[in-house]
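Asker:
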Amino acid sequence: MPHITETPIEYLKGVGPQRAEILRNELGVFTFNDLLVYYPFRYVDKSKFYKINEIKSDLAYVQIKGFIDKIELVGEKRIVRMTARFRDETGSIELIWFNGFKWLKDKFNPLQQYVIFGKPTFFKGKYNIAHPEVELPSDEDAKIVFNLQAFYNSTEKLKSRGLDSRGISKLQAALLPVLQGKIVETLSEEIIQNLRLVSRELALINIHFPASQEMLQKAQLRLKFEELFFLQLKLLKLKLVRISKSRGNKFSIVGEYLNDFYQNHLPFTLTNAQKRVIKEIRSDVGSDKQMNRLLQGDVGSGKTIVAMMCMLIALDNGYQSCIVAPTEILALQHYNNISRLLGNMNINVQVLTGSSKTAHRKKLHEQLMNGELHILIGTHAVLEEKVQFKNLGFVVIDEQHRFGVAQRASLWKKSETPPHVLVMTATPIPRTLAMTLYGDLDISVIDELPPGRKAIKTLHFYDSDRLRVFGFMRKQIQERRQIYVVYPLIKESETLDLKFLMDGYDSIVREFPLPEYAVSIVHGQMKSKDKDYEMQRFVRGETDIMVATTVIEVGVDVPNASVMIIENAERFGLSQLHQLRGRVGRGADQSYCILMTSHKQTTDAKKRIDIMVRTNDGFEIAEEDLRIRGPGDIEGTEQSGILDLKITDLVRDEKLVHYARKVAIETLEKDPNLELPENAPIARHIVELYKDKINWSRIS
Ligand code: ADP
Ligand code: MG
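So for the sequence shown, the working numbering puts the first residue at 2; every next one is plus one.
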């Protein structure tokens, strides 16, 4: 018999079939349990009432008692907003609504006292509150049971059925007594004792109806820990399964190729961080386990050479390698660099992209199958099924932590024993996130830049300062430096993008005319042959300025380029800005990053610009990014399960993430299959969590 928590939501008192349908569609709430774990997003001390003259900008929310009058509908042809005056004995503020007028406008009685609740905003010298919650002061005010009132996210559809935050709270109030005594514990007695956690039942009651601030904290701690603990168990389990299942190709020797390269061809001394990472990788590939490693290193930290030397180890052991790059430009660049580095070493390196000609492909396929081809560099074209290797031993995935499970799987099919995989990324991921996002991978970090690099100077200019910027550009070009000018790329409107870019290009060509200056242009709608031609002209130093969209965002390496100008910088995310900035600062010259914005910017955009001006440290930027945006918007999080986190805040709860991982490791060390009787609650909950979702052995 299904557990009572599995009861369909429509059977809860106060729900019924129609509300059930909306709950299912809008919130994914199908069962009692789904509602139970629909947690509030905030709590408000409802015992506190403010006076209007106490309002300050830094108050997130205020609750005020007062009267509503002077209702006005604003707009000429069409009503665009409704305003009202709200006053108490200390003053008045404006309430604003941007929709729902029809329903609202006759609702308020000027003689009636109301309680409003909302976020005050300071605008044009006055405070207002947009879309306040409005209630009649109830008798309950006098004898509030729960000072801390929970607030739930709701939607327009839910609200239209009376399921605003308050409505949802009522459902929770109906649900909890039904489940009392029936909420099953999910953690072992030992963990509960050691961490002094409250029981699951007590936590769930208090998360919805906190008896006190203290109980709320205990409830949150308990539920956050539980959430993180089970996520870490899953990730660790995946890793164990992968290690135990997938035997890897053992690269037992370091031979001629690597030694020859190291002694005769390496153009610089490796940094200590590069040496350490190569050692880490060697120890992985030298065992008979398959490697799955993430290599993080800030832009310019020198990941390519590390990858290349590992491919030489593969070659020493008789295996082929390949590099998968995100764009054609990058694939070609890798190809050129690696061919140059390997010089006359007699290693067969080839490149395969979407635009490779059929005849060339045919030859490549042949050479891959008979083993003549040693290193294949390409775009996603490499993953296609018809590309088969004789014995693929080592795969490098460059600059894309978005590389999904399905794509990884397509690599497995290319050889009997799965190849070792090195995923490289220059978008630093905060440690907390990495532990969660890539909890099933091993992580190496290059945390040191090659010597002699000068820190890039980052400056912010408004569009109105453009003439000064042009002057600066001229000076740099006189000193034989090269310059990037990058325009944003908005997926929704490619034509608009192109217009932006072309307008910018025209104005730059006017400012920097031939024959004195030469300007390149690269954008997404050019043929890849033309893109490459333009790119190569810039690489060879034949052009001074490269006007481009973000196609150059990742990886492109032109050491003589020392200025990066980012137009409409307010429209880029932090990690993108940092990536773009990383295109300069690769040579010995002082480099500059110039962020151009209009005067109008959102608060978040201002923050991003400030952070960029303040620091060059990719990890610090990544932490800030996580703080501003939350994990949901950070690339790579989609398929990781961390978006399913209901209650944990990866930034604020960083310590707990580490802690939960530690406890999860200890638990699995003692009881890898969770068979001990004391771990039965954990094992049971895992079955519950993943019964129709994931098979732990499916992913690798
Ligand atoms: P990224 O980690 O961003 O992919 P690259 O591998 O493209 O960085 O390296 C950036 C530049 O630094 C390249 O021009 C590369 O040749 C150079 N480089 C790499 N390692 C060293 C080193 N140890 N000393 C000096 N230059 C290096
Ligand atoms: Mg790179």
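Cβ atoms here follow ideal geometry from the backbone N, Cα and C, with glycine treated the same way.
1) How many whole angstroms separate the CB atoms of residue 666 and residue 462, which I take to be in contact at a CB cut-off of 8 Å?
2) Starting from the N-terminal side, write out each stretch of the alpha helix (DSSP H) that is 4 residues or longer and does not extend beyond the segment 207-265.
3) Below 6 Å CB to CB, which residues in the same chain sit around residue 591 once its five sequence neighbours on both sides are set aside?
4) How big is the Cα-Cα spacing for residue 189 and residue 429?
5) Taking all protein chains shown into account, decide if residue 12 is buried (16 or more other Cβ within 10 angstroms of its Cβ) or exposed.
6) Ligand 2 heavy atoms versus the CB of residue 305: any closer than 6 Å?
7) Just checking residue 272 against ligand 1 - is the residue's beta carbon closer than 6 Å to any of the ligand's heavy atoms?
8) Name the two residues that bound the continuous beta strand (DSSP E) containing residue 379.
9) Quick one: Cα of residue 622 to Cα of residue 629, how far?
10) Ignoring anything shorter than 3 residues, give me the beta strand (DSSP E) runs that lie fully in the segment 288-367, in order along the chain.
11) Give me, in chain order, the residues of the same chain whose beta-carbon lies closer than 7 Å to that of residue 14; leave out the 5 immediate sequence neighbours on both sides.
12) Alpha carbon to alpha carbon, how far is residue 583 from residue 500?
13) So is the beta-carbon of residue 294 under 6 Å away from any non-hydrogen atom of ligand 1?
14) Across the segment 503-520 and the segment 595-605, are there enough close Cβ pairs to call them in contact, namely three or more that are closer than 8 Å?
15) Look up residue 93 in the DSSP assignment and give the residues it is bridged to.
16) Comparing the CB of residue 416 with every heavy atom of ligand 1, is any distance shorter than 6 Å?
17) Does the pairing of the segment 264-278 with the segment 223-235 give three or more beta-carbon distances under 8 Å?
18) Closest by CA to residue 302, which one among 449, 581, 43?
19) Mind checking whether the beta-carbon of residue 302 lies closer than 6 Å to any heavy atom of ligand 1?
20) So which of 546, 526, 557 has the shortest CA-CA distance to residue 477?
21) Look at the alpha carbon of residue 612 and the alpha carbon of residue 577, and state the distance between them as a whole number of angstroms.
22) Compare the C-alpha of residue 340 against each of 310, 55, 319 and name the closest.
23) Taking contact to mean at least 3 C-beta pairs separated by less than 8 Å, is the segment 372-383 in contact with the segment 333-352?
24) Please classify residue 266 as buried or exposed, where buried requires at least 16 other C-beta atoms within 10 Å of its C-beta.
25) Alpha carbon to alpha carbon, how far is residue 24 from residue 30? Give it in angstroms, no decimals.
26) When you compare each of 533, 535, 544 to residue 479 by their alpha carbons, which one comes out closest?
27) Pairing CB atoms from the segment 155-163 with CB atoms from the segment 183-201, are three or more of them under 8 Å?
28) Kindly indicate which residue of 285, 32, 91 has the alpha-carbon position closest to the one of residue 50.
29) How far does the alpha helix (DSSP H) with residue 196 in it reach, from first residue to last?
30) Less than 8 Å between the CB atoms is what I'm expecting for residue 220 and residue 211, so what's the real figure, rounded?
31) For ligand 1, any of its heavy atoms closer than 6 Å to the Cβ of residue 269?
32) Three or more beta-carbon pairs under 8 Å between the segment 527-544 and the segment 311-331, yes or no?
33) Among residues of its own chain, excluding the 5 on either side of residue 384, which ones have a beta-carbon nearer than 8 Å to its beta-carbon?
34) For the alpha helix (DSSP H) holding residue 599, just list the boundary residues, first then last.
35) Please classify residue 699: does DSSP put it in a helix, a strand, or coil?
36) What number of angstroms, rounded off, separates the C-alpha of residue 640 from the C-alpha of residue 469?
Answerer: Reading off the structure:
1) Cβ-Cβ separation between residue 666 and residue 462: approximately 49 Å, too far for a contact (criterion under 8 Å).
2) Unbroken alpha helix (DSSP H) runs of no fewer than 4 residues, entirely contained in the segment 207-265, are found at 214-246, 257-261, following chain order.
3) Taken in chain order, the residues that qualify are 455.
4) So the two alpha carbons sit approximately 36 Å from each other.
5) So residue 12 counts as exposed.
6) Yes - ligand 2 has a heavy atom lying nearer than 6 Å to the Cβ of residue 305.
7) Between ligand 1 and the CB of residue 272, the shortest heavy atom gap is smaller than 6 Å.
8) That run of the beta strand (DSSP E) goes 376-379.
9) Near 10 Å, if we compare the C-alpha coordinates of residue 629 and residue 622.
10) Counting whole runs of 3 or more residues, the segment 288-367 contains the beta strand (DSSP E) stretches 293-298, 321-325, 350-353.
11) If we look at residue 14 and ignore the five residues flanking it on each side, its Cβ neighbours are 175.
12) Residue 583 and residue 500: Cα-Cα distance of roughly 26 Å.
13) Not so, every heavy atom of ligand 1 lies at least 6 Å from the Cβ.
14) The segment 503-520 is not in contact with the segment 595-605.
15) Under DSSP, residue 93 takes part in a beta bridge, and its partners are 88.
16) Exclusion of residue 416 from the 6 Å shell around ligand 1 follows from its C-beta lying no nearer than that to any non-hydrogen atom of the ligand.
17) These segments do not touch.
18) A check of alpha carbon separations from residue 302 across 449, 581, 43 identifies 449 as the nearest.
19) Yes, Cβ of residue 302 sits closer than 6 Å to a heavy atom of ligand 1.
20) When each option's Cα is compared against that of residue 477, the closest is 546.
21) Near 13 Å, if we compare the C-alpha coordinates of residue 577 and residue 612.
22) Closest option to residue 340, Cα to Cα, is 310.
23) Counting C-beta pairs with one atom in each stretch, the segment 372-383 and the segment 333-352 have three or more that are closer than 8 Å, which means they touch.
24) With fewer than 16 other Cβ atoms within 10 Å, it is exposed.
25) Cα to Cα, the separation comes out at about 5 Å.
26) Nearest C-alpha to residue 479: 544.
27) Put simply, the segment 155-163 does not touch the segment 183-201. Fewer than three CB pairs are less than 8 Å apart.
28) It is 91.
29) From DSSP, the alpha helix (DSSP H) with residue 196 extends over 190-196.
30) Residue 220 to residue 211, Cβ: 7 Å. Contact.
31) Relative to ligand 1, the nearest heavy atom lies less than 6 Å away from the CB of residue 269.
32) Three or more beta-carbon pairs drawn from the segment 527-544 and the segment 311-331 are found closer than 8 Å, and the two stretches are therefore classed as touching.
33) Within the same chain, Cβ atoms closer than 8 Å to the Cβ of residue 384 are found at 325, 408, 411, 412, the five residues on either side in sequence being excluded.
34) Annotation: residue 599 is outside any alpha helix (DSSP H) and is labelled neither H nor E by DSSP.
35) Reliability of the predicted coordinates at residue 699 is poor, the pLDDT of 34 falling under 50, and no value is obtained from them.
36) Note on residue 640: pLDDT 48, under 50, position unreliable in the model; no value is reported.
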